[in-house]
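Just so you know, we're using this note's numbering here: the sequence shown kicks off at 82 and counts up by one. Accompanying notes for the structure given below.
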Amino acid sequence: YKNGGGAFLIPYLVVLFLVGKPLYFLELHLGQFSSYGPIKIWKMAPILKGVGYGEMFASMAGASYYCAIMAVTIFYLISSFQSVLPWSECNPEWIGECGKGVNGTSGDKSFPELYFEREVINQKENIDDGIGSPEIHLTLCLLTAWILVFITLIRGIKTSGKFSYFFAILPYVVLLTLLVRGVTLEGAWVGIKYFITPQWDRLLDLQ
C-alpha cells in the first residue's frame with residue numbers, strides 16, 4: 082500500500098524478468114553444469130573471480146540476516162505455548178502506552194507492538210540509552226537457529242535436499258492457510274480493494 086498498490090507490479094515485473102530471473106538462472110546453470118562453488122567456477126574467467134567472492138559474502142550476510150529472523154520466530158514459537166498469548170493483552174508495566182488490541186488508538190501502540198519492543202528485543206527509548214547488552218533469550222534462540230542450520234548442512238547436499246522438500250512446501254501451506262483466514266475476516270475485501278487499486282502517480286516517486 083506504500084508503493085502504489087497495483088501500480089507497484091509494473092516496475093516489479095519489469096525488474097524481475099529483465100534482471101532478477103536472468104541472473105538467477107545464470108547462477109543456477111553455472112553451478113549445475115560445472116559442479117563448482119561460487120569461487121571455483123570463476124577460474125574460467127580469472128578477472129571475474131571477485132564476483133565469486135561477492136556471491137560468497139552475500140550468502141554469508143543473507144544467512145546472518147535470516148538466522149536473526151529465525152531467532153525471533155523461535156522465541157515467538159516457544160512463547161505461544163501458553164493458554165493466554167502474552168502479546169494478546171496489556172502488561173501492567175505498559176499501562177498508559179497500550180492501545181486497544183491489535184489496531185491501537187491515536188498516539189498509542191498495540192499490544193503485539195509493545196510486546197515485541199519491550200519483551201522480545203528490549204528496545205531502548207532513545208539512542209542516548211546505548212545499545213545495551215545482548216538479550217539472553219534471543220541469544221539462545223539465535224544459537225538454536227545456527228545449530229539447526231549446521232545440522233541441516235553437516236551431512237552434505239543429500240541431507241539438505243531432503244529438508245528442502247519440507248521447507249519448500251511448508252511456507253505455501255502456511256501462506257494459503259493465512260490467505261483463506263484473512264479473506265474470510267470482516268472487511269477483508271475492502272482492504273484487498275485498497276491494496277490492489279493502482280496509484281499511478283506513485284510510479285514517478287523514486288522512494
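Using N, Cα and C, we set each Cβ at its ideal position, and we do this for glycine too.
In the structure shown, Cys171 falls within a coil segment according to DSSP collapsed to helix, strand and coil. Ile202 counts as exposed, since fewer than 16 other C-beta atoms from the protein chains shown sit within 10 angstroms of its C-beta.
If you look at Leu94, you'll find it in the alpha helix (DSSP H) that goes Leu90 to Val96. Listed in chain order, the non-local C-beta contacts of Cys222 below 6 Å within the same chain comprise Ala152, Ile155 and Phe156, local neighbours out to five positions each way being set aside. In this structure, the CA atom of Phe98 is about 17 Å from the CA atom of Ala88.
Take the alpha-carbon of Val132 and the one of Trp168: they are about 45 Å apart. For Glu174, the closest alpha carbon among the candidates Arg262, Trp227, Glu200 and Tyr134 is that of Glu200. For Ile122, the CB contacts under 8 Å within the same chain, skipping 5 residues up- and downstream, are Leu111, Gly112, Ser115 and Gly133 in chain order. Judged by beta-carbon spacing, Thr233 lies within the 7 Å limit of Phe244, meaning their Cβ atoms are closer than that value. Annotation: the continuous alpha helix (DSSP H) that includes Pro193 extends over Phe192 to Tyr196. Cys222 has no beta-bridge partner at all, per DSSP. Per the coordinates, the alpha-carbon of Ser145 lies some 35 Å from the alpha-carbon of Tyr275. From the listed residues Asp209, Met137, Cys148 and Leu90, the smallest Cα separation to Leu229 is found for Cys148.
By a beta-carbon distance limit of 8 Å, Ile91 contacts Leu284. Their separation comes to about 7 Å. With contacts defined by Cβ atoms closer than 7 Å, Phe197 and Cys171 do not form a contacting pair. For Gly213, same chain residues with a beta-carbon under 7 Å away, outside a window of 5 residues either side, are Asn203 and Lys205 in chain order. DSSP lists Lys190 as the beta-bridge partner residues of Cys179.
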